[in-house]
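Going by the working numbering, 154 is the number at position 160 of the sequence shown; the sequence numbering is gapless.
We put the beta carbon where it would ideally sit given N, CA and C, even for glycine.
Let me begin by presenting the structure, written as structure tokens, before commenting on it.
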Amino acid sequence: MKNYALSDEQESRFLEVVEEHSSLINIALRKLNIPAGVRDEFYTFGLEGLLVSFLILEEGKIEKQDFERFAYVAIKRKIIDEIRRRNRKKEVAFDFVENSKLFISPNMDMVKFEFYNGFLEVLSPKEKKFFLAYLKTLNVKETAKNLKISKSNAYRLIETIKLKGAKYMFVK
């Protein structure tokens, strides 16, 4: 969160705005389907959006009659930004295995064999079947077509395989 410095009179005016427009935050939280258990957590980001709107109103960049609509959009934007920030994935590509210094050796095939054998034990039968087919094509859509499964199922499988692969590489 940024540091927003308010004077004492601005702070009192902002508190009035919060009392008057706090329902906008609750509406935005419901509209964005934020679970009740974490609404308090996201309420702060909504408040930040309301504060930003208030400061823009104070600067005279928006009219008083447009404030409610502008504030609602700013509140939703702040909440969505936080959701996106939390949902960013840290992915480790399968290529990482082949490019790592660990595998620079004359016995590369043996090391790959050992890795894949160990990794296949971690996968469920469905994931194992998909992974082995994927290694042949290196294309999710083509693998899905060959196995006669939907693309969404294929992408879901590849995501779980990636997560398990990352855990396997760094935990084992």
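Grouping DSSP H, G and I as helix and E and B as strand, with all else coil, what is residue i?
| i | result |
| --- | --- |
| R152 | First, the amino acid is wrong: residue 152 is Ile here, not Arg. Here I152 sits in helix by DSSP. |
| I143 | coil |
| Y(-2) | coil |
| I82 | Correcting the residue identity first, residue 82 is Arg in this sequence and not Ile. Three-state DSSP puts R82 in coil, outside helix and strand. |
Assuming the contact rule is C-beta atoms closer than 8 Å, residue i and residue j should be a hit. Round their C-beta distance to whole Å, please.
| i | j | result |
| --- | --- | --- |
| L151 | F124 | 5 Å |
| I73 | L44 | Not a contact, Cβ separation roughly 11 Å. |
| Y37 | I56 | Not confirmed; about 23 Å, so no contact. |
| K145 | K161 | About 25 Å separates the two Cβ atoms, so there is no contact after all. |
| A65 | H15 | 6 Å |
| E176 | I143 | As shown, the chain starts at -5 and ends at 166. That puts residue 176 outside it, with no answer to give. |
Taking all protein chains shown into account, decide if residue i is buried (16 or more other Cβ within 10 angstroms of its Cβ) or exposed.
| i | result |
| --- | --- |
| S47 | buried |
| A30 | exposed |
| I77 | exposed |
| T131 | exposed |
| Y149 | exposed |
| L117 | buried |
| E13 | exposed |
| E62 | exposed |
| Y(-2) | exposed |
| E42 | buried |
| G112 | exposed |
| G54 | exposed |
| L129 | exposed |
| L114 | exposed |
| F164 | exposed |
| L23 | buried |
| K70 | buried |
| F39 | buried |
(message) So within the region 14 to 61, which uninterrupted alpha helix (DSSP H) runs reach at least 4 residues, ignoring any that extend past its ends?
(response) Within the region 14 to 61, the complete alpha helix (DSSP H) runs of at least 4 residues are 33 to 53.
(message) At 4 residues or longer, what runs of the alpha helix (DSSP H) sit wholly inside the region 111 to 141?
(response) With a minimum length of 4 residues, the continuous alpha helix (DSSP H) runs that stay inside the region 111 to 141 are 119 to 131 and 134 to 141.
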